[in-house]
Amino acid sequence: MKVVLFGCWVVLAMIPRQTNTYTINFNRTDWDGVQSPKCGPNIDLMDVSTVNTINQIRLSFTENPTEMRIMWVTNKVDERNLVQYGPLRTDLNYTSFSFYDQHKFADDTYTSGFIHNALLVNLIPGRIHYYQIISNGQTSEVYRFI
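Right, dumping it as structure tokens:
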């Protein structure tokens, strides 16, 4: 068993007789313009109302190989929260509108940002697909996945 530290998280992993060395900068607080909370015994909660960018983009498979779910977080919502996608970087002609949710701790000590969720459909398995998120008046870079 090996303990791996990553940011504020500790991951326990079973690693079969191999040694890897990683250097982690625990003093870094600026991640592409988003200030992260401080790690350590006195963890600061991030004030999500100050994060004006599309962040925490995540992709996940569904049971259907022709679908991909994309999730992201923003500090507010407007009428236009969507993903444009397509087979070419220059051909993002398909659109998936997101729904969103927000979570609050029972004791009101923390409220999450708005967690958006969009489902991309009619994808071709094994092919590169491109996507771009438009949310909160912001437009992300064009990303890709297979």
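The sequence shown runs 0 to 145 under numbering that gives the first Met the number 0.
Beta carbons: idealized from backbone N, C-alpha and C, even for Gly.
All values derive from a computational prediction rather than experimental measurement.
Handout entry: Alpha-carbon to alpha-carbon, residue 113 and residue 130
Key = Straight-line Cα distance between these residues: approximately 20 Å.
Exercise for the section: Helix, strand or coil for residue 135, going by three-state DSSP, please let me know. Expected result: In the three-state DSSP reduction, residue 135 falls in the coil class, being neither helix nor strand.
Exercise for the section: Please determine, among 143, 137, 120, the residue with the shortest C-alpha to C-alpha distance to residue 127. Expected result: It is 143.
Handout entry: Continuous beta strand (DSSP E) stretch holding residue 100: start and end
Key = For residue 100, the enclosing beta strand (DSSP E) covers residues 98-100.
Practice task
In the DSSP assignment, find the beta strand (DSSP E) that holds residue 118 and state where it starts and stops.
Solution key: For residue 118, the uninterrupted beta strand (DSSP E) segment begins and ends at 113-119.
Exercise for the section: With residue 54 as the anchor, note down where its beta strand (DSSP E) starts and where it stops. Expected result: Its beta strand (DSSP E) spans residues 54-60.
Practice task
To the nearest angstrom, report how far apart residue 70 and residue 99 are at their CA atoms.
Solution key: In a straight line, the C-alpha of residue 70 is about 9 Å away from that of residue 99.
Exercise for the section: May I ask you to list the residues that DSSP assigns as paired with residue 143? Expected result: In DSSP, residue 143 forms a bridge with 129.
Exercise for the section: Could you check what DSSP says for residue 91 in three-state terms: helix, strand or coil? Expected result: Looking at residue 91 - three-state DSSP - the assignment turns out to be coil, as it is neither helix nor strand.
Handout entry: residue 73 versus residue 91: straight-line alpha-carbon distance, rounded
Key = Distance between the alpha carbons of residue 73 and residue 91 is about 22 Å.
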